[in-house]
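One structure below.
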Amino acid sequence: METIVLEFPAGQPAQGRAVAGVVASGDLEVLLEANTAQRTVVNITTSVDGKSRVWEAVLARIFGDSSLPAMKLEINDSGATPGVVQIRIGQVLEQLQSTGGA
152 METIVLEFPA GQPAQGRAVA GVVASGDLEV LLEANTAQRT VVNITTSVDG
202 KSRVWEAVLA RIFGDSSLPA MKLEINDSGA TPGVVQIRIG QVLEQLQSTG
252 GA
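Numbers 152 to 253, taken from our numbering, label the letters of the sequence shown in order.
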């Protein structure tokens, strides 16, 4: 198991919470809640060691521009591919937007 913590610039705090996915082989769970303005913090717990550079690259594509709301993401990974990571994060952002939190 490896834990990775990444931070990105962000906009105003998100409003609300959201969850997507499950911790199962080849999948992951993403939990989202508000964070202070101008920071998104992503805490990843993964079953795959030595892939921090991949995580950094994938998440930099998603959070690289600071237009998204500030949030805390807890990612519990069980070997998901980068595509699944993008899908799950997209799902929590969509949930947040549908409830008026983004």
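Backbone N, C-alpha and C define an ideal beta-carbon position, used for all residues, glycine too. Because the structure is a prediction, the values reported are computed rather than measured.
Cα-Cα separation, N186 to G162 = Working through the sequence shown from its first residue, we reach residue 186 at position 35. Working through the sequence shown from its first residue, we reach residue 162 at position 11. Spanning the two alpha carbons is a distance of roughly 10 angstroms.
Can you find a CB in chain D that lies within less than 8 angstroms of the CB of S217?
-> Absent from the structure: chain D. Only one protein chain is present.
Residues in its own chain within less than 6 angstroms of K223 by CB, not counting five upstream and five downstream?
-> In the sequence shown, counting from the first residue as 1, residue 223 sits at position 72. Taken in chain order, the residues that qualify are E184, N186 and V192.
Indicate the three-state DSSP secondary structure (helix, strand or coil) for V156 in the structure shown.
-> On the sequence shown, position 5 is the one that residue 156 refers to. DSSP places V156 in strand when its eight states are reduced to three.
To the nearest angstrom, how far is it from the Cα of Q246 to the Cα of R212?
-> One-based indexing of the sequence shown puts residue 246 at position 95. One-based indexing of the sequence shown puts residue 212 at position 61. Rounded to the nearest angstrom, the two C-alpha atoms are 20 angstroms apart.
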